[in-house]
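*Asks:*
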């Protein structure tokens with residue numbers, strides 16, 4: 075359990091005054107008079123974007139959602155059953171056992187509000203759309219796989235078997251959403267374990283279900299705040315760590331790197347200025363010394 | 010006709026020069042050439058068939074030996090900007106004899122980095138993608154641009170050696186006139202990307218253990234690149250001098266060791282302060298695989314140079330300097346690899362990673378090719394000054 079608390083602490087850490095001063099000292103001259111920090115997905119209104127609510131107390135593990143996903147996205151069958159998402163399996167239902175009950179969890183892209191994958195993508199192939207989905211433009215991707223490292227949910231998968239591999243992942247059925255349809259997985263769920271609406275509606279729904287049956291649910295909507303919030307939300311009767319969810323803080327995954335990346339132009343220009351100054355001083359000092367020696 | 014004559018001369022000279030070498034020298038050169046050749050063939054094979062069947066990389070461990078070595082080599086190649094800063098910016102003429110070997114090392118180091126990056130990419134055919142498509146938030150985007158610019162700067166810094174050899178004083182004058190501004194831009198670009206290598210992990214809080222994850226990682230990466238750069242210069246000068254049958258300027262090398270003590274002291278203070286303030290000290294006492302790797306890194310990369318470079322007898326001894334610089338290099342390798350493998354991957358299955366044979370062969374091949382190229386260029390170009398010039 076100490077593992078989990080540490081991760082929370084790690085993601086929650088913000089830039090303190092002390093650390094700001096340390097950074098100031100290092101960026102040569104401390105010209106840290108930067109205005110507000112721009113974020114990759116600042117303009118998105120999280121409440122109006124599309125959202126999925128997964129209720130772990132309702133899922134029966136029938137895997138209809140997996141099949142619907144494969145069918146809609148034309149994904150080939152796996153040669154053997156898989157225990158994790160792959161380049162050809164964008165959603166997966168896995169069984170989890172606690173002391174008392176068996177529960178199922180549906181894996182897919184969480185469609186974060188401030189996605190780590192979007193922030194780190196070298197070429198901007200991944201974007202968070204105002205409609206909710208985190209979408210991928212395969213024509214830009216260079217296959218660096220930084221997105222795979224940045225995702226705390228292990229979602230982006232690479233086409234390892236291809237000579238020229240690309241990233242593949244759940245699209246939130248952005249094409250269906252554009253036509254006013256629900257995502258394929260939601261549309262086929264026979265037991266209502268998946269609900270679809272705006273994020274505001276889904277959060278209200280989640281809290282309403284918890285309030286109506288406080289004995290049946292733990293009082294936690296996973297994805298409401300985790301990593302700055304996600305568009306896919308979960309409610310459950312057992313703690314989320316028992317369903318394989320990472321314990322994350324409320325800061326966006328790439329909060330720290332985005333905070334620092336804005337200083338790059340300043341670091342570049344101030345280094346040039348400081349180095350030129352040092353060059354001028356040492357050159358002059360050497361010249362004075364030489365003239366004295368003569 | 011002309012071309013055939015040139016080719017004939019080249020082959021003839023190469024053969025006679027090779028015959029002049031000692032038996033040991035011949036063995037080393039032939040081995041390097043064989044490893045480089047094997048690496049090239051294996052690298053082409055990997056490009057043809059993809060990453061899945063040739064590497065042990067996976068969705069859980071998408072980065073491995075190649076990326077880790079790239080991060081290490083960028084710091085090792087940092088010897089070029091470090092020595093350029095010492096000699097050109099701080100005007101420390103005493104270290105002039107080390108500058109050209111360091112620039113050549115940096116140039117070949119960065120080319121090796123680019124070759125490995127290309128082989129590691131899922132779409133090597135689109136390696137240029139960061140030029141038309143920008144994401145200013147991505148540390149890797151910044152690093153790609155900096156490496157592109159800096160490799161150009163290194164080519165500019167190596168070019169005068171070529172024109173000096175070709176005896177073209179007019180072209181040489183053009184380069185000489187621009188060398189200070191170009192060098193300063195090169196150091197500034199290095200400052201950016203050497204520190205941004207640390208920022209790479211700031212974007213991975215869930216994958217980077219707190220023994221490494223810290224807001225000051227960019228500063229630690231910058232300081233360690235300078236510390237590595239100084240030791241890399243010592244290492245290259247000692248090995249290069251031996252290979253070329255020269256006497257290294259021991260006074261300069263000892264001086265570099267002395268400077269690097271201060272760099273590593275600053276690094277250690279910042280690292281200790283950070284671990285104390287964030288309360289991560291408790292992980293240091295857990296000697297599991299992670300805790301052990303942390304200590305190997307600290308002892309080899311930081312403590313060894315602080316202690317040994319402080320001793321006068323070490324600074325004046327070739328063996329002493331060589332072993333200390335080797336320890337720093339190995340420790341830095343641990344330092345650059347460690348955060349990549351410090352946390353469990355966020356997948357619901359058990360996955361581990363150990364590099365495949367292909368990964369090793371390609372990596373060793375690229376390093377062997379770089380070493381061979383260094384030796385050949387050091388023989389061809391005036392990278393060493395006449396031994397008594399700086400008396």
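Protein chains in written order, with the numbering used here: chain C, 75 to 368; chain F, 10 to 400. Idealized CB from N, CA, C, for every residue including glycine.
I want to see whether chain F comes within less than 8 angstroms of residue 279 of chain C, judged by CB atoms only; does it?
*Replies:* It does not; no Cβ of chain F falls within 8 angstroms.
*Asks:* Quick one: list the residues of chain F neighbouring residue 269 of chain C, beta-carbon separation under 7 angstroms, in chain order.
*Replies:* Going along chain F, no residue has its Cβ under 7 angstroms from residue 269 of chain C, so there is no contact; the nearest lies around 24 angstroms.
*Asks:* Spell out a yes or no on whether the region 358–368 of chain F and the region 62–82 of chain F are touching, meaning 3 or more CB-CB pairs, one atom from each, closer than 8 angstroms.
*Replies:* Yes, the region 358–368 of chain F is in contact with the region 62–82 of chain F.
*Asks:* Suppose you measure from the CA of residue 180 of chain F to the CA of residue 164 of chain F; what does that come to, to the nearest Å?
*Replies:* Taking the straight line from one Cα to the other gives about 15 angstroms.
*Asks:* Residue 286 of chain F and residue 85 of chain F - do their beta-carbons sit closer together than 8 angstroms?
*Replies:* Result no, Cβ atoms of residue 85 of chain F and residue 286 of chain F do not sit closer than 8 angstroms.
*Asks:* Using a cut-off of 9 angstroms between C-beta atoms, extract the partners of residue 158 of chain C located in chain F.
*Replies:* Within chain F, the residues near residue 158 of chain C are 68, 69, 356, 357, 358, 360.
*Asks:* Going by the CB atoms, is the gap between residue 345 of chain C and residue 196 of chain F shorter than 8 angstroms?
*Replies:* Against a cut-off of 8 angstroms, the Cβ pair of residue 345 of chain C and residue 196 of chain F comes out as a contact.
*Asks:* How many whole angstroms separate the CB atoms of residue 183 of chain C and residue 231 of chain C, which I take to be in contact at a CB cut-off of 8 angstroms?
*Replies:* At roughly 10 angstroms, the Cβ-Cβ gap does not stay under 8 angstroms, so residue 183 of chain C and residue 231 of chain C are not in contact.
*Asks:* Can you tell me whether DSSP reads residue 129 of chain C as helix, strand or coil?
*Replies:* Strand, per DSSP.
*Asks:* Can you tell me whether residue 290 of chain C is buried or exposed? The criterion is at least 16 other CB atoms within 10 Å of its CB, across all chains shown.
*Replies:* Residue 290 of chain C is exposed by the Cβ-count criterion.
*Asks:* Per the DSSP calculation, residue 271 of chain C is bridged to which residue(s)?
*Replies:* Paired residues: C:125.
*Asks:* Can you pull the chain F neighbours of residue 345 of chain C, defined as C-beta to C-beta under 8 angstroms?
*Replies:* The contacting residues are 196, 197, 200, 201.
*Asks:* Can you say whether residue 19 of chain F is buried or exposed, counting buried as having 16 or more other CB atoms within 10 angstroms of its CB?
*Replies:* Answer is exposed; the Cβ neighbour count stays below 16.
*Asks:* Can you tell me whether residue 308 of chain C is helix, strand or coil according to DSSP?
*Replies:* Looking at residue 308 of chain C - three-state DSSP - the assignment turns out to be strand.
*Asks:* Would you tell me roughly how many angstroms separate the C-alpha atoms of residue 115 of chain F and residue 130 of chain F, rounded to the nearest one?
*Replies:* Roughly 22 angstroms between the two C-alpha positions.
*Asks:* On the DSSP bridge assignment, give the partners of residue 368 of chain F in chain order.
*Replies:* Paired residue(s): none; residue 368 of chain F is not in a bridge.
*Asks:* For the region 306–313 of chain F against the region 330–337 of chain F, are there 3 or more C-beta pairs whose distance is under 8 angstroms?
*Replies:* With the cut-off at 8 angstroms, the region 306–313 of chain F and the region 330–337 of chain F touch.
*Asks:* How many whole angstroms separate the CB atoms of residue 262 of chain C and residue 133 of chain C, which I take to be in contact at a CB cut-off of 8 angstroms?
*Replies:* About 13 angstroms separates the two Cβ atoms, so there is no contact after all.
*Asks:* Whose C-alpha, out of F:388, F:29, F:91, is nearest the C-alpha of residue 253 of chain F?
*Replies:* Closest by alpha carbon: F:388.
*Asks:* Using alpha carbons as the reference points, say which of C:252, C:169, C:284, C:223 lies closest to residue 241 of chain C.
*Replies:* Nearest option by C-alpha distance: C:223.
*Asks:* So that I know if they touch, is there some Cβ in chain F lying closer than 8 angstroms to that of residue 234 of chain C?
*Replies:* It does; some Cβ of chain F falls within 8 angstroms.
*Asks:* Unbroken beta strand (DSSP E) runs of length 3 or more, entirely within the region 184–215 of chain C: which are they?
*Replies:* Whole beta strand (DSSP E) segments, 3+ residues: 200–202, 208–210.
*Asks:* Say whether chain F places a C-beta atom closer than 8 angstroms to the C-beta of residue 154 of chain C.
*Replies:* So, not an interface residue.
*Asks:* Looking at chain F, is there any beta carbon in it that lies within less than 8 angstroms of the beta carbon of residue 335 of chain C?
*Replies:* For residue 335 of chain C, the answer is yes, since a Cβ of chain F falls inside 8 angstroms of its Cβ.
*Asks:* At a Cβ threshold of 8 angstroms, is residue 51 of chain F touching chain C?
*Replies:* Cβ-Cβ to chain C under 8 angstroms: no for residue 51 of chain F.
*Asks:* According to DSSP, is residue 37 of chain C part of a helix, a strand, or is it coil?
*Replies:* No answer is possible for residue 37 of chain C: the residues shown for chain C start at 75 and end at 368.
*Asks:* Measure how close the beta-carbons of residue 79 of chain F and residue 112 of chain F come, nearest whole angstrom, since I'm counting them as under 8 angstroms.
*Replies:* With 8 angstroms as the limit, residue 79 of chain F and residue 112 of chain F do not qualify as a contact, their Cβ atoms being about 20 angstroms apart.
*Asks:* Which of the residues in the region 203–221 of chain C, read from start to end, lie with their CB under 7 angstroms from any CB of chain F?
*Replies:* Answer set for the region 203–221 of chain C: 214, 215, 216, 217, 218, 219, 220.
*Asks:* For a quick check, are the C-beta atoms of residue 309 of chain C and residue 269 of chain C less than 8 angstroms apart?
*Replies:* Cβ distance not < 8 angstroms, so residue 309 of chain C and residue 269 of chain C don't count as in contact.
*Asks:* Find the residues of chain F that neighbour residue 227 of chain C, judging by a C-beta separation of less than 8 angstroms, and give them in chain order.
*Replies:* Residues of chain F passing the Cβ test: 355.
*Asks:* For residue 236 of chain C, which of helix, strand or coil comes out of DSSP?
*Replies:* Three-state result, residue 236 of chain C: coil.
*Asks:* Please tell me whether residue 332 of chain F has its Cβ less than 8 angstroms away from any Cβ of chain C.
*Replies:* No, its Cβ sits nowhere closer than 8 angstroms to a Cβ of chain C.
*Asks:* Taking the alpha-carbon positions, what's the residue 129 of chain C to residue 296 of chain C distance?
*Replies:* One C-alpha to the other measures close to 11 angstroms.
*Asks:* Against chain C, with Cβ distances strictly below 8 angstroms, would residue 11 of chain F count as a contact?
*Replies:* No, its Cβ sits nowhere closer than 8 angstroms to a Cβ of chain C.
*Asks:* Nearest by alpha-carbon distance to residue 136 of chain C: which of C:237, C:264, C:311 is it?
*Replies:* Closest by alpha carbon: C:264.
*Asks:* What residues in its chain sit with their C-beta under 6 angstroms from that of residue 149 of chain F, if we drop five residues either side in the sequence?
*Replies:* The answer is none, since no qualifying residue turns up.
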